[in-house]
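See structure below.
Residue numbers (the working numbering): 2 to 441.
And the structure:
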């Protein structure tokens, strides 16, 4: 990986793209440190939490911007949620489905609709965040030490909400600029930068458990070993593929014979990459967002409090829903990326066939069956990686003080997945630049 980065940096145009991406990430980190006007959350709005709630997840994904009430506190999650909604509606609503099939123009219209949805969601999330800040006493007071009232209070609320929404929209634009002028997927790179910035804090948090003594002398190293093992497992899983054999018939064109080759059709085990994890996590962040509207009005022990506590990422219910959503989005993305009927038609047009399978519908049915099995295996594998730290947290909880690394699996999957995708993109671009055509 490091050799690939070094080789890519020697290519002038790739070097420009890499530096542009680094500049955008640097601006993101600056924005994550600029406080929103009329707020005072320098001590952190989450306090000394266990690191296991979905609010802690939002703080992790934003590089602590959510915790300290800064410009990018909402991060890129409104755009992700809008993308989920639009893609689901594309399957359900015929007008959006027709747009998706209209080629480049249709994609542009869908992207515009996604941006509008992201702005609406950003305003709603910013409003919820404002109520959460106000209920926690993180809103600045007037000069006389009292809260703003009347028109001043409305103006203060508007400034905070619009600033947070503008920060989310700015991040959405920055992500699109990375897609156009940089390297990697813009959304993934911004999430990658936010998680990377939290690594020192996470390591410090894990080694704090040495102070507990006893079994925690073993638990802390085990937690680090689990993280390293997860990285190795994710790399292995990402490189795994199912190869469907394909044989091409011989055909004579003029005096030459073409075809007659035996090859394979590769299908990746983890064909959806990190997107099922990102989408499932974003969906599970919605209940805590709703909870922020109510602030301290929800009494401890009430029915609503018990409901929202189910979405604590160390809770068994959270793990079950997380598992189901990951599998759902893995299947959803496979249906978008792979069309068995189209794949079977392409094979027949090129005089290719799967040995032992008749062309046409039997071939498409066979490909669909293989895809279904591979998607299930891949989804279960990434679900295990995401849920294993949750189980570890539950085991350590039996010892009195839970060691909450329940968000570790999610962050590791995103980090490794984004790194591998970016390196793969660099390798493909270097291959294109070093390829010599028949005219050279």
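Beta carbons: idealized from backbone N, C-alpha and C, even for Gly.
Quick caveat: nothing in here was measured; it's all calculated off a predicted structure.
Rounded straight-line distance, which links the Cα of residue j to that of residue i
i           : j           : result
residue 36  : residue 362 : 59 Å
residue 180 : residue 347 : 29 Å
residue 286 : residue 357 : 48 Å
residue 178 : residue 187 : 7 Å
residue 396 : residue 235 : 23 Å
residue 359 : residue 331 : 29 Å
residue 46  : residue 134 : 8 Å
residue 370 : residue 242 : 15 Å
residue 118 : residue 140 : 28 Å
residue 103 : residue 17  : 33 Å
residue 418 : residue 239 : 8 Å
residue 73  : residue 29  : 8 Å
residue 77  : residue 61  : 13 Å
residue 270 : residue 34  : 39 Å
residue 336 : residue 273 : 10 Å
residue 130 : residue 153 : 19 Å
residue 49  : residue 98  : Confidence at residue 49 is low in this model, with a pLDDT of 47, below 50, so its placement is unreliable and the value that follows should be read with caution. Approximately 47 Å between the Cα atoms of the pair.
residue 268 : residue 428 : 19 Å
residue 387 : residue 150 : 46 Å
residue 51  : residue 309 : Residue confidence is low: residue 51 scores 44 on pLDDT, short of 50, so the model does not pin down where it sits. Its coordinate-derived value is still stated next. Rounded to whole angstroms, residue 51 to residue 309 spans 16 Å at the Cα level.
Simplified DSSP assignment, three categories, for residue i
i           : result
residue 50  : Residue placement at residue 50 cannot be trusted, given a pLDDT of 46 that sits under 50; what the coordinates show is reported in the next sentence. Residue 50 falls in the coil class under three-state DSSP.
residue 437 : Any reading at residue 437 must be qualified, since the residue scores a pLDDT of 47, below 50, and its modelled position is unreliable; the value itself is stated next. The answer is coil: DSSP assigns residue 437 none of H, G, I, E or B.
residue 420 : helix
residue 411 : helix
residue 140 : strand
residue 36  : strand
residue 353 : strand
residue 360 : coil
residue 286 : coil
residue 76  : coil
residue 26  : helix
residue 340 : coil
residue 120 : helix
residue 18  : helix
residue 62  : helix
residue 94  : coil
residue 428 : helix
residue 379 : helix
residue 102 : coil
residue 185 : coil
residue 320 : helix
residue 273 : coil
residue 12  : coil
Residue range of the unbroken alpha helix (DSSP H) whose run includes residue i
i           : result
residue 42  : Looking at the DSSP string, residue 42 is not in any alpha helix (DSSP H), and its letter there is neither H nor E.
residue 266 : Residue 266 -> not in any alpha helix (DSSP H); beta strand (DSSP E) instead, spanning 263-269.
residue 66  : Segment: none, residue 66 is in no alpha helix (DSSP H) and carries neither H nor E.
residue 199 : Looking at the DSSP string, residue 199 is not in any alpha helix (DSSP H), and its letter there is neither H nor E.
residue 164 : 151-182
residue 310 : 304-310
Candidates the options: closest to residue i by CA position
i           : options            : result
residue 132 : 70, 98, 415        : 70
residue 38  : 115, 77, 167, 123  : 167
residue 137 : 41, 305, 17, 23    : 41
residue 176 : 334, 192, 13       : 192
residue 245 : 325, 345, 114      : 345
residue 249 : 266, 29, 134       : 266
residue 164 : 61, 311, 124, 141  : 124
residue 233 : 429, 373, 413      : 413
residue 328 : 112, 107, 99, 282  : 282
residue 280 : 13, 33, 82, 386    : 82
residue 59  : 326, 288, 433, 343 : 288
residue 284 : 9, 126, 8, 109     : 126
residue 262 : 380, 325, 354      : 354
residue 25  : 173, 381, 379      : 173
residue 364 : 203, 237, 247      : 247
residue 44  : 27, 420, 68        : 68
Terminal residues of the beta strand (DSSP E) in which residue i lies
i           : result
residue 246 : 242-249
Check whether residue i and residue j have beta carbons under 8 Å apart
i           : j           : result
residue 64  : residue 195 : yes
residue 189 : residue 275 : yes
residue 368 : residue 341 : yes
residue 227 : residue 411 : no
residue 323 : residue 311 : no
residue 183 : residue 21  : yes
residue 224 : residue 393 : yes
residue 100 : residue 90  : no
residue 15  : residue 292 : no
residue 75  : residue 169 : yes
residue 372 : residue 334 : no
residue 162 : residue 202 : no
residue 85  : residue 114 : no
residue 5   : residue 424 : yes
Proximity test, residue i beta-carbon vs the ligand MG heavy atom, cut-off 7 Å
i           : result
residue 180 : Summarising the ligand content, the structure contains no ligands, and the ligand MG is consequently not present.
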